[in-house]
Structure formats: structure tokens, C-alpha cells
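Engineer: The structure under discussion is supplied below as C-alpha cells; questions concerning it will follow.
2 protein chains.
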Amino acid sequence: MHDNATPQQILTAWAATLIDELVRGGADRFVISPGSRSTPLALAIARHPAARIWMHYDERSAGFFALGMARARRAPVTLVCTSGTAAANYLPSVIEAGLSHTPLLLLTADRPHELRDNGAPQAIDQIGIFGRNTRWFSDLPEPLDDPAALDHLRSVAARALAAAVGSPPGPVHLNCPFREPLVPDRRMLADYYRQERPAAARVVAGRRTLPAAVLDRLADQLAAGRRSLILCGPGCPDDLAEPLTRLAARLGAPILADPLSGLRCGPHDRSMTLTAYDAFLRDERFAARYAPDLALRFGAVPTSKPALLFLQRHAAARQIVIDGDAGWRDPANRAVELIHADPAELCRALEARLGGASPDSRWAQSWLNAERAAHRAITALFAEQAELSEPAVFADLAATLPDGATLVVGNSMPIRDCDTFFPGCPRSLTIAGNRGANGIDGLVSTALGMAAAGTGPLTLVLGDLSLYHDSNGLLAAKLHRLNATIVLINNDGGGIFSFLPQASEQDSFELLFGTPHGLDFRPLADFYGADFIRVTDRAAFRAALQTALGGKGLRIIEVRTDRAENVERHRTVWPRVNAALEHDGVI
Amino acid sequence: MHDNATPQQILTAWAATLIDELVRGGADRFVISPGSRSTPLALAIARHPAARIWMHYDERSAGFFALGMARARRAPVTLVCTSGTAAANYLPSVIEAGLSHTPLLLLTADRPHELRDNGAPQAIDQIGIFGRNTRWFSDLPEPLDDPAALDHLRSVAARALAAAVGSPPGPVHLNCPFREPLVPDRRMLADYYRQERPAAARVVAGRRTLPAAVLDRLADQLAAGRRSLILCGPGCPDDLAEPLTRLAARLGAPILADPLSGLRCGPHDRSMTLTAYDAFLRDERFAARYAPDLALRFGAVPTSKPALLFLQRHAAARQIVIDGDAGWRDPANRAVELIHADPAELCRALEARLGGASPDSRWAQSWLNAERAAHRAITALFAEQAELSEPAVFADLAATLPDGATLVVGNSMPIRDCDTFFPGCPRSLTIAGNRGANGIDGLVSTALGMAAAGTGPLTLVLGDLSLYHDSNGLLAAKLHRLNATIVLINNDGGGIFSFLPQASEQDSFELLFGTPHGLDFRPLADFYGADFIRVTDRAAFRAALQTALGGKGLRIIEVRTDRAENVERHRTVWPRVNAALEHDGVI
Chain A
2 MHDNATPQQI LTAWAATLID ELVRGGADRF VISPGSRSTP LALAIARHPA ARIWMHYDER
62 SAGFFALGMA RARRAPVTLV CTSGTAAANY LPSVIEAGLS HTPLLLLTAD RPHELRDNGA
122 PQAIDQIGIF GRNTRWFSDL PEPLDDPAAL DHLRSVAARA LAAAVGSPPG PVHLNCPFRE
182 PLVPDRRMLA DYYRQERPAA ARVVAGRRTL PAAVLDRLAD QLAAGRRSLI LCGPGCPDDL
242 AEPLTRLAAR LGAPILADPL SGLRCGPHDR SMTLTAYDAF LRDERFAARY APDLALRFGA
302 VPTSKPALLF LQRHAAARQI VIDGDAGWRD PANRAVELIH ADPAELCRAL EARLGGASPD
362 SRWAQSWLNA ERAAHRAITA LFAEQAELSE PAVFADLAAT LPDGATLVVG NSMPIRDCDT
422 FFPGCPRSLT IAGNRGANGI DGLVSTALGM AAAGTGPLTL VLGDLSLYHD SNGLLAAKLH
482 RLNATIVLIN NDGGGIFSFL PQASEQDSFE LLFGTPHGLD FRPLADFYGA DFIRVTDRAA
542 FRAALQTALG GKGLRIIEVR TDRAENVERH RTVWPRVNAA LEHDGVI
Chain B
2 MHDNATPQQI LTAWAATLID ELVRGGADRF VISPGSRSTP LALAIARHPA ARIWMHYDER
62 SAGFFALGMA RARRAPVTLV CTSGTAAANY LPSVIEAGLS HTPLLLLTAD RPHELRDNGA
122 PQAIDQIGIF GRNTRWFSDL PEPLDDPAAL DHLRSVAARA LAAAVGSPPG PVHLNCPFRE
182 PLVPDRRMLA DYYRQERPAA ARVVAGRRTL PAAVLDRLAD QLAAGRRSLI LCGPGCPDDL
242 AEPLTRLAAR LGAPILADPL SGLRCGPHDR SMTLTAYDAF LRDERFAARY APDLALRFGA
302 VPTSKPALLF LQRHAAARQI VIDGDAGWRD PANRAVELIH ADPAELCRAL EARLGGASPD
362 SRWAQSWLNA ERAAHRAITA LFAEQAELSE PAVFADLAAT LPDGATLVVG NSMPIRDCDT
422 FFPGCPRSLT IAGNRGANGI DGLVSTALGM AAAGTGPLTL VLGDLSLYHD SNGLLAAKLH
482 RLNATIVLIN NDGGGIFSFL PQASEQDSFE LLFGTPHGLD FRPLADFYGA DFIRVTDRAA
542 FRAALQTALG GKGLRIIEVR TDRAENVERH RTVWPRVNAA LEHDGVI
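Residue numbers (the numbering used here), protein chains in the order written: chain A, 2 to 588; chain B, 2 to 588.
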């Protein structure tokens with residue numbers, strides 16, 4: 002920078018330095034919402050030859066869109082917004098990113114110090130606006146014409162990325178105040194981006210590994226277990242499947258694979274992998290009889306309530322939680338040890354030490370028998386039903402989704418039905434959901450962000466309230482010509498409440514919980530240029546799904562269901578499963 | 002409570018105590034979003050004989066809906082949501098409520114302590130989730146069976162309301178953890194609400210008044226001013242018009258009345274009230290020549306940029322900011338005194354002391370002449386134009402809105418056009434907008450919340466990006482059968498940016514700032530059961546407005562404009578105003 006730099010030159014060098022350092026650090030994807038104060042960032046990004054931009058006009062949806070993209074890419078995506086409540090709209094996605102360990106970088110433009118908290122328009126308190134939900138926060142200075150300040154800025158950018166992909170990954174917030182003039186110099190930007198310059202420091206982070214003595218002790222404990230169980234919750238590491246399934250085979254330990262664990266579907270060895278446990282653990286006799294003496298848990302707490310209750314009732318089982326990100330995910334306070342070490346490395350190290358394991362062979366066989374019986378009962382039940390139902394949606398999806406497909410599952414009922422009714426398969430299917438905070442918000446955008454990251458065919462299954470909540474998210478499909486299929490399970494309100502004790506409060510139930518809205522979603526699809534088809538039987542659903550998976554653009558397939566009937570339909574499943582367990586002599 | 006109360010009984014007494022105390026404190030309006038964890042609150046409210054409920058399925062819109070209702074009622078409205086990201090969706094409206102001094106009470110259900118931050122589902126960190134944006138926050142204990150705890154709960158409820166209506170009013174957050182079972186006892190609730198019981202302490206709050214000696218000094222300073230000016234920004238107190246206009250008459254001080262000041266329209270004396278200043282202060286000759294020696298500012302910082310620049314250039318003027326809520330609203334650092342005293346009381350006290358004021362009579366006359374000239378020029382311009390334009394919308398609204406009507410004005414361009422082109426009138430018109438944080442978010446819900454409070458005919462004017470941003474808010478009109486008219490100014494993107502330096506960045510302008518979306522809003526209206534009419538000339542617009550104002554339900558009148566043409570149209574106004582000033586000899 003020369004001696005008498007103009008404010009525009011100072012601004013330009015500042016914005017270019019920040020953006021260039023992010024791009025060089027691998028964060029070359031930007032989700033930008035329009036605004037004036039954020040002009041230096043937006044233009045510095047638009048002019049960067051390696052940056053890719055997705056515009057999104059609603060910051061709440063933009064936040065989830067970036068989250069979905071970051072999750073699919075396993076790399077930070079940068080959000081950019083202007084000053085004011087724009088930033089506040091990110092909070093739901095920031096919380097989800099924090100809890101689901103998704104790397105996000107938030108650049109919020111701000112007014113300079115002299116226009117804060119003194120009545121200036123569009124100035125809110127953006128300092129730490131996301132509270133304890135970010136991994137790191139820095140309030141940048143206004144652009145400065147000082148080499149040391151620019152060095153610091155580069156470091157802040159590199160550090161922000163390192164914090165976002167740290168352990169655990171999560172959201173990082175940089176608040177960026179700018180003074181007018183806000184338009185950077187076009188030629189200076191181009192010159193800056195052409196020049197070679199040294200990058201800021203990079204973090205080289207190791208994985209947590211345990212000392213040999215501790216591994217020996219753990220291996221001894223595992224070898225002593227005769228009735229071991231492995232539970233894989235949402236968000237297990239990508240590299241876990243192979244070493245864990247080998248460990249499971251050695252231990253004779255069935256793996257209860259949550260739909261979001263990454264272990265339910267794929268080409269890995271699935272001989273010990275169970276996916277019908279949410280159904281058969283409801284059988285009181287099975288749950289009482291098959292008491293584990295050891296339980297290893299990976300990932301987040303499993304979705305299945307029967308599985309959680311099963312773990313709680315067998316408090317004598319030695320429960321060990323493995324968490325490479327040093328968390329404390331033990332809401333029932335049943336863990337005896339929390340192992341903060343890289344899960345895949347740990348599995349390999351333990352398997353290598355497990356020479357003398359002698360598990361009870363009937364133990365694993367009983368669980369595998371239960372899996373087979375439950376799966377057969379559920380399959381038989383579906384075979385009888387030509388009409389569509391919420392459970393059948395997942396059976397049909399499992400039968401239809403091709404190798405390489407991504408399935409995003411909404412919260413409330415869809416994730417529970419997916420858990421119960423989506424069996425394992427050898428195809429590589431990515432099943433995703435927002436199970437950090439389990440909100441019904443932001444699901445459309447999360448899915449479309451994954452689609453924008455270039456996944457295989459993408460299908461989102463969600464309820465009508467979820468689609469309503471993030472209907473703004475649909476705009477991204479139109480603006481960015483994304484290909485995606487939405488399966489809308491429309492039961493005109495909140496279906497999950499019909500399963501809860503609230504359902505008995507008849508006089509207030511529909512008002513407070515059932516919440517019918519009477520919305521016909523076809524015009525909403527028209528508004529956003531999506532295809533819309535309503536199907537009423539399973540053959541039509543599967544046909545629509547087949548067509549949609551090969552098609553272009555956004556397609557909504559609506560499945561209308563009845564909330565009360567849905568409860569009844571679920572209640573017919575469990576006795577059939579129990580009968581099959583009995584028939585096969587499991588209980 | 003008896004000795005061996007069950008958990009359900011303890012829960013019931015707790016929820017009933019909290020809700021009953023709120024209702025008795027005057028907060029009998031509840032905006033509830035569905036959820037399970039919030040069941041104790043929702044049912045305690047639904048069963049309260051004096052409580053009124055509005056359900057809203059999107060918490061972001063619900064927050065703004067409650068804000069609009071609270072603003073119209075000038076009383077706290079209570080929001081209720083479940084645990085998880087539901088609360089996070091309130092943040093934009095909480096920030097707006099804090100900055101616009103709107104009383105809101107937020108009851109967020111939470112998981113109990115044993116299910117926080119340990120991997121339990123739908124548990125986020127709700128402690129102080131709104132940061133420094135609330136007036137008060139309390140994390141309640143879980144329901145307790147203890148008379149002292151229930152006394153404390155009553156106090157917390159009363160204190161929360163007192164803080165919400167304090168000085169300044171604003172949002173208050175109570176975080177409410179609940180354990181299962183979550184359904185309160187129906188009969189116990191009814192019994193509780195039938196019983197008489199002593200209320201918690203009430204706050205009796207005085208108004209800030211100045212000592213006589215300070216009033217004398219101020220009156221002397223005012224009397225010495227010969228060229229005084231009064232600026233009324235957004236959010237002046239309701240009782241200000243009468244005492245302020247009397248003081249203005251005595252001082253010979255023109256009143257620059259912001260559209261959101263409450264002084265632009267109404268039956269009060271408007272002989273000194275100016276509304277065309279945003280136009281005529283753009284005349285460099287006028288702005289240079291008419292230098293005030295004293296400026297009194299009430300309310301928030303005015304919307305008009307020419308007015309602000311005018312104040313800044315005349316730094317020699319003694320600028321006094323009157324703020325009954327002890328703020329520091331002086332972004333240009335031009336104030337010599339910030340007077341923290343009740344504005345209406347202060348005006349009365351000063352006027353009573355102003356026996357010997359001898360203002361320069363030509364001073365006020367010049368401003369009134371400028372007002373007349375500018376108004377004439379603008380009126381003449383509109384008279385020539387049969388075609389619709391963004392400015393003409395406000396001229397036609399001013400001509401059409403009946404006594405008692407409410408006009409809610411969107412941010413970005415609409416509020417600026419309203420400022421320039423909506424003249425004063427003797428009808429009682431309420432003009433409202435979200436000028437705390439000036440966001441484009443939440444405007445549909447703010448307006449519908451005001452409509453739900455039972456204002457007169459309600460009209461909302463907003464741009465296409467604002468309507469898109471809060472499109473979910475439209476559901477409230479359908480669910481609660483609200484009557485409202487939306488004037489949608491659709492210029493397919495962000496119109497304000499065409500007025501800014503960014504407009505010269507042609508290659509990136511449409512991508513980053515113009516942001517065209519190509520949305521046809523008719524299907525959106527269909528989705529929410531609203532009438533939709535597109536008008537192309539002013540006669541049709543006025544006719545549609547007349548019809549809509551007398552109608553039922555939600556009606557959207559779309560006015561399509563062109564962003565580039567809109568800039569040109571504005572630029573034709575200023576020379577005409579300048580010429581009129583010249584013609585009338587004002588400059």
C-alpha cells in the first residue's frame with residue numbers, strides 16, 4: 002500500500018486480503034444475501050476468479066443452504082450478509098451447525114464503531130450476536146492501511162477456517178465493519194488476485210489417540226464382554242464403517258445403525274448391522290431378556306426412543322461412549338467412560354489387540370434373528386398395503402433410490418419413520434437430516450444446499466409444517482437451477498403430537514397441537530416454478546419417484562395422510578413384529 | 002399444595018401461577034407456536050378464561066406478529082414456543098422490539114437441567130439466547146412444590162411485565178424448563194383460575210421530570226433562539242402532539258414531522274408541521290441559507306437523509322435531543338445536550354416559561370413557504386401522471402386512506418417514498434414501520450399483528466423482496482381471518498440499490514444488488530387464500546384500494562415498476578421542487 006492511500010484503496014486491499022485468504026484456505030463457496038453495507042465483501046468475492054457464489058434473499062434459508070452445502074462437501078462454506086437483523090436470521094442455522102458439527106463461516110458486515118448504539122439506522126448489536134453457539138468470534142477493525150493489520154487479517158481468516166474445521170467443526174463468526182465508500186476499486190482487486198503472496202499460517206491438527214496401556218486395558222474389558230452391543234448414532238465419522246464392522250465381527254457385537262450414522266447403507270460389511278431394532282426393541286420380552294454387558298456408542302445419541310430406553314433399563318451394562326470431538330453426549334448418565342479419541346483409529350487399535358475374545362455366539366445370533374423376524378413382519382405388512390402411508394413412503398424410497406442417491410429426512414415424524422422403516426442396503430446411500438437441534442426449520446434449504454454441492458440424485462422427505470416453515474428456501478432451486486425431489490407428507494398439521502399424551506386433551510388438541518392449516522401446496526409449487534404431483538397409492542408414488550429421480554429441476558410429490566389413521570397404522574406394526582419374534586423363537 | 006403433590010400437580014400449579022399472573026398484569030394476549038415441551042404453558046393459557054390465543058406456525062413470523070400487536074396495543078404481548086431452534090427464530094423480532102421500544106414477553110420452554118448440553122435431542126443453549134437485546138432475562142427453575150418458589154414465580158412474572166413496559170419498553174425473556182409429564186391437570190387449572198388470590202407487587206413508575214432551575218435555563222436558551230427548528234423522528238410519544246405543537250407555535254419553530262413520528266397526520270394543530278422537507282432540503286441553496294440556531298429533536302433519528310445532512314452541516318446550531326427513555330440517539334455527534342425527561346411534560350413546562358420569546362417571524366414563514374412550494378410542485382407533477390409509479394402510490398394512499406386507518410410502511414424504498422411523498426392531513430392516520438433495526442424482514446407479520454389488535458382499516462406497503470422474506474407471515478391472515486390490504490411494489494428485486502454507488506458496478510450489479518427473482522406473486526396469494534389484483538394505472542390503483550379498504554380478508558394489490566425508470570422518476574422531482582422554491586422567492 003502506498004503512503005497516501007485513499008479510503009477506497011484501503012477498503013479494497015482489506016476486502017481482497019480477507020476474501021483471498023479464505024479462498025486459498027479452501028473456502029471458495031459463498032452464499033451471499035443482498036445488502037449495501039456488505040458491498041466490499043460481495044464485490045471482492047464476485048471479482049475473485051476462484052470464488053463461487055450462490056445468492057439467497059432470505060438469510061434464514063441462506064444459513065441452512067450453506068449448512069447443507071458444507072455438510073455435503075465436508076468443508077466450510079462462507080455466508081455473507083449486510084448489517085442489521087440480516088445476521089439475526091442466521092441464528093437457527095448457526096445453532097444447528099454448532100450442534101451437528103458442521104463447518105460454517107459467517108461474515109456479517111457491520112456499521113463502523115461511530116455508528117453503533119447511538120441511533121444510527123440499521124445498526125444492531127452484532128458483537129457476539131450468536132452467543133456461545135460459535136467456535137470462534139472476532140470483531141474485525143475497520144479497514145486499516147497498515148501492513149501489520151493486513152497480516153493480522155490474513156491470520157484471522159486462516160484461524161477462522163481452522164476453528165470451523167476444528168474438533169468439533171462448527172460455525173465461526175467474523176463481524177466486519179465498513180465505512181463509506183463501500184465500493185472497492187475494480188482494477189485494484191483484479192491486480193491483487195493476480196499477484197502471488199505468502200499465505201497465512203496453516204493449522205496441522207493431529208487426531209486424538211490413546212496410549213498403549215489404556216488401549217490394552219480397554220481391549221481386555223472388551224474381550225471380557227460376552228454380550229456386547231454397538232450403537233451408532235447420527236454423525237459417525239466417514240471413515241468409521243470399515244474398522245468398526247471389523248471390530249464388531251471380532252466382538253460378536255450387533256451394530257444398531259441409526260439412519261444418520263452412515264452405517265446403515267453402503268458397500269461395507271453389514272453382516273452385524275441391524276436396522277429394525279426400533280421395531281423389535283418395543284417388544285417388552287425381547288428388551289427385558291437380551292441384556293448386554295457392554296455397550297459401545299459412537300456418534301450422537303441415537304434417534305430411536307426404544308433403543309434409548311433399552312440402554313437405560315440395562316444400567317448394569319458397561320456403557321462406553323467414543324467421541325473424537327471430546328463431547329459429553331450422555332443424557333441418561335449411563336456412561337462409565339467417555340473416550341475422547343479418534344473412533345476409527347480406536348477401532349483398529351482395539352481389534353488388533355482382541356486376540357482372545359470369546360463372545361457368546363448365541364447373543365449375536367439372537368439379535369440377527371430378531372432383525373430378520375422384524376424385517377419380515379414389516380415387509381409382509383407393506384406387501385398387503387397398496388395404499389400409501391407414512392411408513393410405506395420409506396419402504397418405497399428404500400426400494401427405489403439408486404446407488405449414490407442422497408436422502409434428506411425431516412424432523413418430527415419423518416426421521417422416526419425412516420429409523421423404523423428404512424432397511425439397510427448395499428447401495429451407497431447418503432441419509433442426512435438436521436439432528437443437531439432437531440428443528441423443523443430450514444430443511445428445504447439444507448437439502449437444496451446439499452444438492453447445490455453436487456450430490457447424486459437428492460430426495461427430501463418432510464412434513465407439511467416443515468415445508469411451510471422453510472418455504473422461502475424453495476427459491477434457491479429456481480435461482481440456481483437445482484435438481485431435487487421433495488416428498489411432502491401432508492397430514493395438515495403436526496402429526497407427531499397424535500402419538501403423545503397431549504392427544505388426550507381433545508378440546509384444545511387441534512388448536513394447540515394438531516394445528517391444521519388447510520393449505521394446498523400446489524400454488525406454492527407454482528410460485529417457485531416446481532413441478533407438483535399428488536399421489537394416492539404406492540404404485541403411483543414409486544412411479545413418480547422414478548420419474549423425479551431422473552428429471553431436472555424441483556419436483557414436489559405430495560402424499561396426503563390422515564393424522565389419526567397414521568397413529569393406528571403404526572400401532573398395527575408392533576404386534577406383527579412381536580408375533581414374528583415369537584414365531585422365530587427369539588422370545 | 003398438599004404434602005404429597007404429584008409431578009403433574011406441581012406442574013399444574015406452576016404453569017397456572019405463571020400464566021394467571023401475566024393475565025392479571027394485563028398481558029392477556031398470547032401468540033403461540035406449536036410444540037411439545039411448551040405444553041404446560043400452552044394448555045394453561047388455553048384454559049385461562051381471560052386469555053386470547055393466536056397460533057402461528059413459524060416462530061420468526063410469530064415474533065413480528067406479536068410485535069405488531071404489542072405496538073398497536075401499546076401493551077406487552079406474550080410469545081410462547083417450544084425448546085430448540087424455535088426460540089432462535091425469534092431473534093430478529095426481539096432485536097426490532099428492543100430498538101423500537103416495543104414491549105414483548107418471550108416464554109421459551111426448555112428441557113430441564115439434566116437434559117442440557119449432554120446430547121439430549123432438541124436441546125440448545127437457551128440461557129440468554131437473545132443476548133443483550135432483552136431488557137431482562139430469567140432462567141426459571143423447574144416447577145417446584147414450595148410456597149416461596151411460587152411467590153417468587155409470581156414476582157418474576159410481574160417483574161417481567163414491568164421490565165417490558167419500562168423505560169424504554171422492550172423484550173423480556175423467561176426461559177421455562179419443564180420435565181415430563183407435560184400435560185397439566187385440567188380440573189386443577191380450572192379450580193386455580195376460579196380462586197381469588199393476592200397479586201404480586203405492581204410497579205408504579207414515575208416520569209422523568211427536570212428541576213425548575215434546569216427548566217428555567219432551558220427556557221431562557223429557547224427564548225434566545227430566533228431561528229428554531231423542531232425535528233420529530235419515528236416513535237414520538239403518543240401524548241406529544243398537543244404540547245409540542247403549542248411549544249412550536251410559541252417558538253415560531255417549524256416542525257419537521259417524520260412519517261413515523263405520529264405528528265404528520267391527525268386532528269392536532271398542524272400549522273407549523275412540515276412534511277415536504279425531504280424534497281426541499283435537497284435544494285442546496287435552501288439548505289445553505291436557512292441555518293437554524295437551535296434544533297430540538299424528539300423521537301428516533303429522522304428517516305430523511307437530507308434532513309440529517311442539513312443538521313450536520315449546521316453544526317453551529319444548538320442541537321438538543323429530548324429522550325424520555327434515557328437514550329443516546331445522536332449518531333452524528335452534534336447534540337450539545339441530551340435531555341432525559343418526559344417529552345410532553347417538558348414541552349408543557351417550557352411553554353409555560355416562554356413568556357418573552359421573540360422569534361424571527363420570517364424564519365418560520367420561509368419554511369412554511371418552502372413547504373407550500375414543494376408540495377405544489379409535487380402535486381402538479383403527480384397531476385400530470387396517469388401511470389402508476391412508486392412515488393404516486395403514496396400520493397394516492399394519502400388521498401384515499403380514511404380517518405382511523407393504519408398504514409404500515411416497509412423498509413428500504415417504501416419508507417423513503419412515504420417520507421417524501423405522503424403529505425400531512427387532518428385525518429387520524431397511524432403510520433407505522435419497523436424502524437428499530439430497519440430490516441426488510443417480518444413486515445407482513447408486523448402489519449397483520451397490528452390488524453389482529455383491531456386497528457382500523459390496515460394497509461401495508463412493501464416491496465417484493467420484503468413480501469418474499471416474510472411470505473410465511475401471510476398464513477396468519479388465513480388462520481385468524483384478518484382483514485388487511487397489501488400494496489406490493491414489485492420491481493423484481495432490490496430497488497434501493499439503483500440509487501447507490503453500487504449501481505455503477507454494472508457487471509455484478511444485477512447478481513449482487515438488483516437480485517431479480519422473476520417471481521409472479523399471484524400463486525403465493527392463492528396459496529394463502531388472498532385476493533390478488535395487478536393494477537397498471539393510478540385510477541385502477543385507487544379504485545382497487547377503495548374496494549380493498551371496505552372489504553374482508555387479505556387482499557394484495559400489485560404495482561409493477563421498473564427499477565431503472567424509478568430512479569429517473571425520482572430525479573425528475575427535485576428540479577421541479579427547486580424551481581417552485583425559486584418561483585415563490587424562498588431562495
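Note that the Cβ used here is the ideal one computed from N, Cα and C, for glycine as well.
Please list, in chain order, the chain A residues whose beta carbon lies closer than 8 Å to that of B:MET56.
Structural biologist: LEU512, LEU513 and THR516
Engineer: Determine the direct distance from the alpha carbon of A:SER101 to that of A:MET451, and round the result to whole angstroms.
Structural biologist: 15 Å
Engineer: What residue from A:GLY234, A:GLU583 and A:ASP442 has the CA that sits closest to A:LEU68's CA?
Structural biologist: A:ASP442
Engineer: Per DSSP, which residues does B:THR431 bridge with? Please list them.
Structural biologist: B:THR407
Engineer: Closest by CA to A:ARG577, which one among A:LEU408, A:ASP471 and A:ALA378?
Structural biologist: A:ALA378
Engineer: Under DSSP, the alpha helix (DSSP H) around B:PRO524 begins and ends at which residues?
Structural biologist: 523-528
Engineer: Nearest to A:VAL302 by CA position, among A:THR210, A:GLY425, A:LEU261 and A:ARG286, is which residue?
Structural biologist: A:LEU261
Engineer: Considering B:THR447, what are the terminal residues of the alpha helix (DSSP H) in which it resides?
Structural biologist: 444-453
Engineer: Would A:GLY263 and A:CYS237 qualify as a contact pair, given that the criterion is a beta-carbon distance under 7 Å?
Structural biologist: Closer than 7 Å, so yes.
Engineer: Residues in its own chain within less than 6 Å of B:ILE20 by CB, not counting five upstream and five downstream?
Structural biologist: ALA45, ILE46 and HIS49
Engineer: Would you list the one or two residues that DSSP bridges to B:GLU533?
Structural biologist: Here residue 533 of chain B is Phe; the residue named in the question, Glu, does not match the sequence. Paired residue(s): B:ILE557.
Engineer: Go ahead and pull the three-state DSSP assignment for A:SER505.
Structural biologist: Correct three-state label for A:SER505: helix.
Engineer: Which chain A residues are close to B:ALA14, counting only those with a beta carbon under 9 Å from its beta carbon?
Structural biologist: Correct list: empty, because the minimum Cβ distance to chain A is about 18 Å.
Engineer: So, with DSSP's three-state summary, where would you put B:ASN491?
Structural biologist: strand
Engineer: Roughly how far, in whole angstroms, is the beta-carbon of B:ALA453 from the beta-carbon of B:MET189, given that I think they are within contact range, below 8 Å?
Structural biologist: Not confirmed; about 31 Å, so no contact.
Engineer: I want to see whether chain B comes within less than 7 Å of A:PRO344, judged by CB atoms only; does it?
Structural biologist: no
Engineer: Using a threshold of 7 Å, state whether the C-beta atoms of B:ILE125 and A:ILE96 are closer than that.
Structural biologist: For the pair B:ILE125 and A:ILE96, the CB atoms are nearer than the 7 Å cut-off.
Engineer: What's the C-alpha gap between B:ASP217 and B:LEU351?
Structural biologist: 8 Å
Engineer: What three-state label does DSSP hand A:GLY356 in the structure shown?
Structural biologist: In this structure, A:GLY356 counts as coil in the three-state DSSP scheme.
Engineer: Hey, A:HIS153 and A:THR109 are a contact pair by Cβ (cut 8 Å); roughly how many whole angstroms apart?
Structural biologist: Not a contact, Cβ separation roughly 19 Å.
Engineer: Tell me whether B:GLN503 is buried or exposed, calling it buried when 16 or more other Cβ atoms sit within 10 Å of its Cβ.
Structural biologist: buried
Engineer: Under 8 Å between beta-carbons, which chain A residues line up against B:VAL302? List them in chain order, please.
Structural biologist: Going along chain A in sequence order, the residues near B:VAL302 (Cβ under 8 Å) are GLY120, ALA121 and PRO122.
Engineer: What's the C-alpha gap between A:ALA289 and A:PHE311?
Structural biologist: 8 Å
Engineer: Counting only Cβ-Cβ distances shorter than 8 Å, please list the residues of the segment 164-183 of chain A near chain B, keeping chain order.
Structural biologist: PRO182 and LEU183
Engineer: So, using beta-carbon positions, are B:ALA158 and B:LEU23 closer together than 7 Å?
Structural biologist: yes
Engineer: Could you list which residues in chain B have their beta carbon closer than 7 Å to that of A:ASP527, in chain order?
Structural biologist: Neighbours of A:ASP527 in chain B, taken as residues at a C-beta separation under 7 Å, are given in chain order as PRO524.
Engineer: Excluding five sequence neighbours on each side, which residues of the same chain lie with their C-beta closer than 6 Å to the C-beta of A:LEU520?
Structural biologist: none
Engineer: Does any residue of chain A bring its CB to less than 7 Å from the CB of B:GLY495?
Structural biologist: yes
Engineer: What residues of chain A sit near B:SER472, judged by a beta carbon separation below 8 Å?
Structural biologist: SER472 and ASN473
Engineer: Taking the alpha-carbon positions, what's the B:ARG203 to B:ALA163 distance?
Structural biologist: Across the structure, B:ARG203 and B:ALA163 are spaced so that their CA atoms are roughly 8 Å apart.
Engineer: I want to see whether chain B comes within less than 7 Å of A:ARG330, judged by CB atoms only; does it?
Structural biologist: yes
Engineer: Indicate whether at least one CB of chain B lies closer than 7 Å to the CB of A:GLN503.
Structural biologist: yes
Engineer: Within 10 Å of its beta-carbon, does B:ALA201 have 16 or more other beta-carbons around it, so buried, or fewer, so exposed?
Structural biologist: Around the beta carbon of B:ALA201, a 10 Å sphere encloses 16 or more other beta carbons of the protein chains shown; the residue is thus reported as buried.
Engineer: In angstroms with no decimal places, state the Cα-to-Cα distance between A:ALA371 and A:ASN134.
Structural biologist: 41 Å
Engineer: Where A:ARG417 and A:THR304 are concerned, what is the direct C-alpha to C-alpha distance, given to the nearest angstrom?
Structural biologist: 7 Å
Engineer: How far does the alpha helix (DSSP H) with B:LEU362 in it extend, from its first residue to its last?
Structural biologist: The sequence given here places Ser at residue 362 of chain B; Leu does not occur at that position. Its alpha helix (DSSP H) spans residues 362-385.
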